[in-house]
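Asks: Plus 254 on top of the position in the sequence shown (first one is 1) and you've got our numbering.
Yeah, the Cβ is synthetic: ideal placement off N, Cα and C, and Gly gets one too.
One structure is given below, represented as structure tokens, and several questions about it will come after.
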Amino acid sequence: MSEVFRQEDERSFQQRAQRDICRDGVLRLRDVTDFAWDAVHLGAAEDAMVRQYGESVRLPRSSDDEPVTFVFVKGREAVRTYEVWGAVYVRAGDRPWGREVYLRLDERPPAPGTLASPQVGEGGLPAAVDAATRERVCGGG
């Protein structure tokens with residue numbers, strides 16, 4: 255499997271996320287987190303997150319590449335911040351998403367230069383993604 259999700263400081267999160275999204279093309283964040291949280295910001299601007307939650311959400315940069323940042327919050331406090339590196343492009347608006355949030359691999363062609371541009375949704379269980387899309391993003395095994 256290619257490393258669709260690469261995150262430097264929390265390997266278990268990265269491994270669970272990759273396993274789940276490559277299984278059926280859908281990643282429910284509540285299923286791959288092992289800590290309490292109420293909401294998550296996906297791909298939000300770092301400066302906005304720092305203003306809202308403080309410097310603890312700022313992570314050091316090791317390159318000029320833009321990671322996708324996941325900022326998990328409980329109440330009014332950030333409890334975890336993860337960066338996802340690789341050929342994934344997620345834009346979920348400047349809003350928090352609740353515990354029912356999911357990312358679903360998009361079956362349409364991805365954004366230029368990416369393997370995947372997951373759709374973000376909330377609520378009921380989305381349909382599984384076709385095998386060709388999973389193969390394109392995740393590889394053969």
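Could you pull out every residue in the same chain whose Cβ sits closer than 7 Å to the Cβ of valine 355, ignoring the five residues on either side in sequence?
Replies: Excluding sequence neighbours, valine 355 sits near Leu283, Val294, Val374 and Glu376.
Asks: From valine 304 to glycine 297, what does the alpha carbon distance come to, in whole angstroms?
Replies: Whole-angstrom Cα-Cα distance: 13 Å.
Asks: Tell me the DSSP secondary structure of phenylalanine 324 in three-state form.
Replies: Phenylalanine 324 falls in the strand class under three-state DSSP.
Asks: Take every Cβ of the segment 320 to 338, pair it with every Cβ of the segment 285 to 293, and state whether three or more of those distances are shorter than 8 Å.
Replies: Yes, since at least three Cβ pairs between the segment 320 to 338 and the segment 285 to 293 fall closer than 8 Å, the two stretches touch.
Asks: Check leucine 359 in the structure and name its three-state DSSP category.
Replies: Leucine 359: coil per DSSP, three-state reduction.
Asks: Helix, strand or coil for alanine 385? Go by DSSP, reduced to three states.
Replies: Helix at alanine 385.
Asks: Just curious, the alpha helix (DSSP H) that valine 344 is in, first and last residue?
Replies: Run containing valine 344: none; DSSP gives neither H nor E here.
Asks: Alpha carbon to alpha carbon, how far is arginine 330 from alanine 271?
Replies: Cα to Cα, arginine 330 sits roughly 25 Å from alanine 271.
Asks: I need the boundaries of the alpha helix (DSSP H) containing glutamate 300, first residue and last residue.
Replies: Per DSSP, glutamate 300 belongs to the alpha helix (DSSP H) from 300 to 307.
Asks: Looking at C-alpha atoms only, which residue of Asp278, Glu337, Glu309 and Gly352 is the closest neighbour of arginine 388?
Replies: The shortest C-alpha separation from arginine 388 is found at Asp278.
Asks: Measuring CA to CA, which of Asp360, Asp285 and Val322 is closest to valine 338?
Replies: For valine 338, the nearest C-alpha among the options comes from Val322.
Asks: What does the Cβ neighbour count give for arginine 349, buried or exposed, with the cut at 16 atoms within 10 Å?
Replies: It is exposed - the Cβ of arginine 349 has fewer than 16 other Cβ atoms within 10 Å.
Asks: Helix, strand or coil for alanine 293 per DSSP?
Replies: Correct three-state label for alanine 293: strand.
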